[in-house]
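Its first residue numbered 15, the sequence shown is counted upward by one per residue in my numbering. C-beta: ideal position from N, C-alpha, C; glycine also. Notes follow once the structure below has been shown.
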Amino acid sequence: MEPDEQPDGAKLRRAQKKADRQAAEREQEAAEEAEAATYRATYTAKLAEAERAVLRIEEQIRLVKERQRGRASLADHLSGFYEEIDKLAKGKALLEVTPLVLAETNQTIRDAKAMVAKDPFLDRVREFVPAGNNPVYPDVVVALRTVRQSLDRAGARLAEILTEAQAKLSEAVTFALALDFAVAEAAEPSLTDVKSHPRRQRRDLSASWFTRDDSGPDYRHFDIERFDQVADIERYLHVDDAV
15 MEPDEQPDGA KLRRAQKKAD RQAAEREQEA AEEAEAATYR ATYTAKLAEA ERAVLRIEEQ
75 IRLVKERQRG RASLADHLSG FYEEIDKLAK GKALLEVTPL VLAETNQTIR DAKAMVAKDP
135 FLDRVREFVP AGNNPVYPDV VVALRTVRQS LDRAGARLAE ILTEAQAKLS EAVTFALALD
195 FAVAEAAEPS LTDVKSHPRR QRRDLSASWF TRDDSGPDYR HFDIERFDQV ADIERYLHVD
255 DAV
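Structure below.
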């Protein structure tokens, strides 16, 4: 037998090993593809939820700012009106207010109630019925003072809502960008990946959702395990904007 000739059995064994190795590689590739597909499917639905939350919170912030402007405008008007009525009330305990003062007082009460829905003290204030004798100045002053104080509380509450909504928006944006990367790459994004995402548009991110690991002292990745514990994204990102 020539030196370069091999027994048929040895050739068959080598061929079989090669075929087994190729089959194992294909099986591994198929398993990795299936795992990636499952990963993408899992986070695609959550990505849609996060994107809807971003739009919802952005609209909520817009409306809160609009309410702040309306409250500030009414409070400014009431400040001047109250000071004038308070001056007129001094020494006129039994003097009825004029029809104009009565009409303006009732309108101010209506405007405040339309703006502030959850103030028990404002709820006690009733419009003055323009029938028979008009109310006296001290009574109107008390009503207007209560309205003014309720608007002050509403201002503080709206500021709290805005701060909370902006924080939730940062979280929603972080979720949306991180999940968009995860779906596209079938991998957990780093903080750098999310910061450089083309859809970020200079929006603030929530740094609390990134954690360090052994990849390096400056490396931080999106905490997907913590995120997986958020069963209901919409509920988690909800902001009660009642005033």
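Delimiting residues of the alpha helix (DSSP H) encompassing residue 119: Translated into the one-based positions of the sequence shown, residue 119 becomes position 105. 113-129 is the extent of the alpha helix (DSSP H) around residue 119.
Three-pair Cβ contact test at 8 angstroms for the region 62-69 versus the region 180-199: The region 62-69 vs the region 180-199: in contact.
Close beta carbons around residue 15, own chain, < 6 angstroms, minus the five adjacent residues each side: Here residue 15 refers to the residue found at position 1 of the sequence shown. Confidence in residue 15 is poor, its pLDDT being 47 and thus under 50, which makes the residue's placement unreliable; the coordinate value appears in the next sentence. Correct list: empty, nothing qualifies.
Coil, strand or helix - residue 220 by DSSP: For the purposes of this step, residue 220 is identified with residue 206 of the sequence shown, where counting begins at 1. Of the three classes helix, strand and coil, the one that applies to residue 220 here is coil, per DSSP.
Cβ-Cβ separation, residue 165 to residue 130 (assumed contact under 8 angstroms), whole Å: The residue labelled residue 130 in the question sits at position 116 within the sequence shown. The residue labelled residue 165 in the question sits at position 151 within the sequence shown. Between residue 165 and residue 130 the Cβ distance is about 7 angstroms, and since that is below 8 angstroms, they are a contact.
Residue 172 burial status per 10 Å Cβ neighbour count (16 or more: buried): If you number the sequence shown from 1, residue 172 lands on position 158. So residue 172 counts as buried.
Contacting residues, own chain, Cβ-Cβ under 6 angstroms from residue 82 (five flanking each side not counted): Within the sequence shown, numbered from 1, the residue matching residue 82 stands at position 68. Taken in chain order, the residues that qualify are 172.
Exposure of residue 114, with buried meaning 16 or more beta-carbon neighbours within 10 Å: The sequence position of residue 114 within the sequence shown is 100, counting from 1. Residue 114 should be labelled exposed.
Residue 135 burial status per 10 Å Cβ neighbour count (16 or more: buried): By one-based count along the sequence shown, residue 135 stands at place 121. It is exposed - the Cβ of residue 135 has fewer than 16 other Cβ atoms within 10 Å.
Residues of its chain near residue 162, where Cβ-Cβ distance is below 8 angstroms and the 5 sequence neighbours each way are ignored: Here residue 162 refers to the residue found at position 148 when the sequence shown is read from its first residue. Excluding positions up to five away in sequence, the list reads 89, 92, 93, 96.
Contact the region 205-221 vs the region 239-251: 3+ CB pairs below 8 angstroms: no
Residue burial classification, residue 85 (beta-carbon count within 10 angstroms, cutoff 16): Reading the sequence shown from its first residue, position 71 is the one you call residue 85. It counts as buried.
Contact under 8 angstroms by Cβ, residue 148 with residue 116: Position 134 of the sequence shown, counting from 1, holds the residue named residue 148. Position 102 of the sequence shown, counting from 1, holds the residue named residue 116. Cβ distance < 8 angstroms, so residue 148 and residue 116 count as in contact.
Simplified DSSP state of residue 211, which is helix, strand or coil: Within the sequence shown, numbered from 1, the residue matching residue 211 stands at position 197. DSSP places residue 211 in coil when its eight states are reduced to three.
Sub-8 angstroms separation of residue 197 and residue 61 beta-carbons: The residue you call residue 197 lines up with position 183 of the sequence shown. The residue you call residue 61 lines up with position 47 of the sequence shown. Cβ atoms of residue 197 and residue 61: closer than 8 angstroms.
Within 8 angstroms, strictly: CB atoms of residue 234 and residue 205: Reading the sequence shown from its first residue, position 220 is the one you call residue 234. Reading the sequence shown from its first residue, position 191 is the one you call residue 205. Yes. Within cutoff.
Residue 257 to residue 227 span [Cα, whole Å]: By 1-based counting over the sequence shown, the position of residue 257 is 243. By 1-based counting over the sequence shown, the position of residue 227 is 213. C-alpha separation (whole angstroms): 43 angstroms.
Cβ-Cβ distance between residue 207 and residue 225 below 8 angstroms: The residue labelled residue 207 in the question sits at position 193 within the sequence shown. The residue labelled residue 225 in the question sits at position 211 within the sequence shown. No, they are not a contact pair.
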